[in-house]
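Colleague: Dropping a structure here in structure tokens format, bear with me for questions.
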Amino acid sequence: MADEVTSPTPVYAQLKEAIRKERPVALATVIEGPNLGSKLLIEPAGLSGEVVSAGTLGNEDLDRVAGRDMLGELSAGRTGIRRYGPDGQARSDEVSVFIESFAPPPQMLIFGAVDFTAALANVAKFLGYRVTVCDARPMFATKKRFPRADVVAVDWPNRLLDEVGPHLSERDAIAVLTHDAKFDIPAITSALQTEVGYIGVMGSRRTHDDRTKRLIDAGLTDAELARLRSPIGIDIGGRTPEETAISIVAEIIALRTGRDIPALRDSQGAIHRS
Amino acid sequence: MKELLNDLDRWQRQDKAIAIARVVDLDGSGPRLPGAAMAVNEDGEVAGSVSGGCVEGAVVTEALDIIETGDRRTVTFGYSDDEAFAVGLTCGGTIHLFIEPLDW
Chain A
-12 MADEVTSPTP VYAQLKEAIR KERPVALATV IEGPNLGSKL LIEPAGLSGE
38 VVSAGTLGNE DLDRVAGRDM LGELSAGRTG IRRYGPDGQA RSDEVSVFIE
88 SFAPPPQMLI FGAVDFTAAL ANVAKFLGYR VTVCDARPMF ATKKRFPRAD
138 VVAVDWPNRL LDEVGPHLSE RDAIAVLTHD AKFDIPAITS ALQTEVGYIG
188 VMGSRRTHDD RTKRLIDAGL TDAELARLRS PIGIDIGGRT PEETAISIVA
238 EIIALRTGRD IPALRDSQGA IHRS
Chain B
188 MKELLNDLDR WQRQDKAIAI ARVVDLDGSG PRLPGAAMAV NEDGEVAGSV
238 SGGCVEGAVV TEALDIIETG DRRTVTFGYS DDEAFAVGLT CGGTIHLFIE
288 PLDW
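First to last, the sequence lines map onto chains A and B. Each step along the first sequence adds one to the number in the numbering used here, with nothing skipped, and position 42 is 29. Count along the second sequence from 1, then add 187; that gives the number in the numbering used here.
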């Protein structure tokens, strides 16, 4: 095994590679106690798809206990200090280990290749999302129109979601910007099958009311409808695609942090006042 | 850490000695969460940040000392520490940084 390590700093080299390739990785550093500064790195799904580790905290038992905790912290996306005994004992605190989680970036899927899409893709990239733009119309869904998107897919949303939906989690977001019923309904129905933390749907109050009827006809429950942020965004009076994009990501942030916000879906009256 | 990688690559290609400071803990209010990182090279060049600009200057001094000595240690900056360090967070919080050479 040891002869595979060619870099003088194998832990850092592997950390760098995992972060760049967007593989989830956790790094533990002893910040107090014996073997100060020693490191253990764990990737739950390394190159071969198996758990891979590098380095050591200086004690086999400590590595085993901390390694298990690292996987838990990584899946929860947490970074912080854990304390152990010198052999990994849970009720001791002679060794402080700083566990850092590097989760891959969250994803945003934007359905509909419209004017608002380019602005939302830009703002989402600014916030660190991996962005996919999807539209069934090849004329509109082009990399040229959405240069900042990581992926531009010419496809139907429900087909794309059949493929990527099972990998999405609460950190991820879906924005449906088409406001065209034949596109919206399958997109929303498929989005609701995923575990994403945010599903926003664009449209005027009238579009929203009409769409809600169609969604009920399609068999959606009240609980499913309640997951939708529709009309999308918070009420800051935004008009331009850029201002609308800000109102959408503000809603995503507030939903994650649990703050009260003037959501458009909870208010009445025209979205755009003259 | 991610935002430091390009600078770290460049400094390593130039054979610069490097220290990395990471926020490991936070008491009370603080601008950056655990995991926020800042790197300093032997010339005093800086990448990243660990606060809203309140303690970065003092971190550079610590980091240069760590590059010099090869030590690694936890350094605390807080409102009540201004006698000891003459810097602190104006927001009233305390941050604990682990600073070490990039020798791993």
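Here a beta-carbon is modelled for each residue, glycine too, at the ideal position from N, C-alpha and C.
Indicate whether at least one CB of chain B lies closer than 9 angstroms to the CB of residue 113 of chain A.
Modeller: It does not: the Cβ of residue 113 of chain A has no partner Cβ on chain B nearer than 9 angstroms.
Colleague: Pull the bridge partners of residue 283 of chain B from the DSSP assignment, please.
Modeller: Paired residues: B:212 and B:263.
Colleague: Span of the alpha helix (DSSP H) holding residue 89 of chain A?
Modeller: Residue 89 of chain A -> not in any alpha helix (DSSP H); beta strand (DSSP E) instead, spanning 82 to 89.
Colleague: What would DSSP say about residue 193 of chain B, mapped onto helix, strand or coil?
Modeller: Residue state, collapsed to three classes: helix.
Colleague: Could you say if the stretch -3 to 9 of chain A and the stretch 69 to 82 of chain A meet the contact criterion of at least three C-beta pairs nearer than 8 angstroms?
Modeller: No, because fewer than three Cβ pairs between the stretch -3 to 9 of chain A and the stretch 69 to 82 of chain A fall closer than 8 angstroms, the two stretches do not touch.
Colleague: For residue 289 of chain B, which residues of its own chain have a beta-carbon under 6 angstroms away from its beta-carbon, when the five flanking residues on both sides are left out?
Modeller: Closer than 6 angstroms at the Cβ level, and outside the excluded window around residue 289 of chain B, lie 205 and 207.
Colleague: Could one say the Cβ of residue 49 of chain A lies closer than 9 angstroms to chain B's Cβ atoms, at least one of them?
Modeller: With 9 angstroms as the cut-off, residue 49 of chain A does not count as an interface residue toward chain B.
Colleague: Beta-carbon of residue 264 of chain B versus every beta-carbon of chain A: anything under 9 angstroms?
Modeller: No, residue 264 of chain B does not count as interfacial toward chain A.
Colleague: In angstroms with no decimal places, state the Cα-to-Cα distance between residue 222 of chain A and residue 232 of chain A.
Modeller: So the alpha carbons of these two residues sit roughly 12 angstroms apart.
Colleague: Between which residues of its own chain and residue 115 of chain A is the CB-CB distance below 8 angstroms, once the five residues before and five after are set aside?
Modeller: Closer than 8 angstroms at the Cβ level, and outside the excluded window around residue 115 of chain A, lie 92 and 93.
Colleague: Mind checking which residues open and close the alpha helix (DSSP H) that includes residue 246 of chain A?
Modeller: Premise fails: residue 246 of chain A is in no alpha helix (DSSP H) and is neither H nor E.
Colleague: Compute the distance between the beta-carbons of residue 188 of chain B and residue 9 of chain A, then report whether it is under 9 angstroms.
Modeller: Not a contact, by the Cβ cut-off of 9 angstroms.
Colleague: Which chain A residues are close to residue 261 of chain B, counting only those with a beta carbon under 8 angstroms from its beta carbon?
Modeller: What residue 261 of chain B touches in chain A: 18 and 19.
Colleague: Could you check how far apart the C-beta atoms of residue 211 of chain B and residue 221 of chain B are, in whole angstroms? I think they sit under 8 angstroms.
Modeller: About 6 angstroms; that satisfies the 8 angstroms criterion.
Colleague: Taking the straight line between their C-alpha atoms, what separation do you get for residue 24 of chain A and residue 241 of chain B?
Modeller: So the alpha carbons of these two residues sit roughly 26 angstroms apart.
Colleague: With residue 250 of chain B and residue 286 of chain B assumed to form a contact (beta carbons below 8 angstroms), what rounded beta-carbon distance in angstroms separates them?
Modeller: With 8 angstroms as the limit, residue 250 of chain B and residue 286 of chain B qualify as a contact, their Cβ atoms being about 6 angstroms apart.
Colleague: Taking contact to mean at least 3 C-beta pairs separated by less than 8 angstroms, is the stretch 154 to 162 of chain A in contact with the stretch 123 to 133 of chain A?
Modeller: Result no; under three Cβ-Cβ pairs closer than 8 angstroms.
Colleague: Mind listing the chain A neighbours of residue 287 of chain B? Cutoff is C-beta to C-beta under 7 angstroms, in chain order.
Modeller: Those are 24, listed as they occur along chain A.
Colleague: Does the beta-carbon of residue 26 of chain A have 16 or more other beta-carbons within 10 angstroms, so that it is buried, or is it exposed?
Modeller: Looking at its Cβ environment, which holds 16 or more other Cβ atoms inside 10 Å, residue 26 of chain A is buried.
Colleague: Check whether the Cβ of residue 116 of chain A lies closer than 9 angstroms to any Cβ atom in chain B.
Modeller: No, because no Cβ of chain B sits closer than 9 angstroms to the Cβ of residue 116 of chain A.
Colleague: Taking the continuous beta strand (DSSP E) assigned at residue 109 of chain A, which residues delimit it?
Modeller: From DSSP, residue 109 of chain A is part of no beta strand (DSSP E) but of the alpha helix (DSSP H) over 102 to 113.
Colleague: Interface residues of chain A around residue 225 of chain B at Cβ under 9 angstroms?
Modeller: Residues of chain A passing the Cβ test: none, with the nearest at roughly 14 angstroms.
Colleague: Assuming residue -1 of chain A is part of the beta strand (DSSP E), what are its boundary residues?
Modeller: Run containing residue -1 of chain A: none in the beta strand (DSSP E); it sits in the alpha helix (DSSP H), -3 to 7.
Colleague: Give a yes or no on whether 9 angstroms exceeds the smallest Cβ distance from residue 368 of chain B to chain A.
Modeller: In this structure chain B extends from 188 to 291, so residue 368 of chain B is not present and cannot be described.
Colleague: How should residue 84 of chain A be labelled, buried or exposed, when 16 other C-beta atoms within 10 angstroms of its C-beta is the threshold for buried?
Modeller: So residue 84 of chain A ends up on the buried side.
Colleague: Please find out if some non-hydrogen atom of the ligand HEM comes closer than 8 angstroms to the beta-carbon of residue 216 of chain B.
Modeller: Looking for the ligand HEM in the displayed structure turns up nothing, as the structure carries no ligands at all.
Colleague: Leaving aside the five residues before and after residue 202 of chain A along the sequence, list all residues of the same chain whose C-beta is less than 7 angstroms from its C-beta, in chain order.
Modeller: The residues are 172, 175 and 212.
Colleague: Along chain A, which residues have their Cβ under 7 angstroms away from the Cβ of residue 221 of chain B?
Modeller: Going along chain A in sequence order, the residues near residue 221 of chain B (Cβ under 7 angstroms) are 66 and 67.
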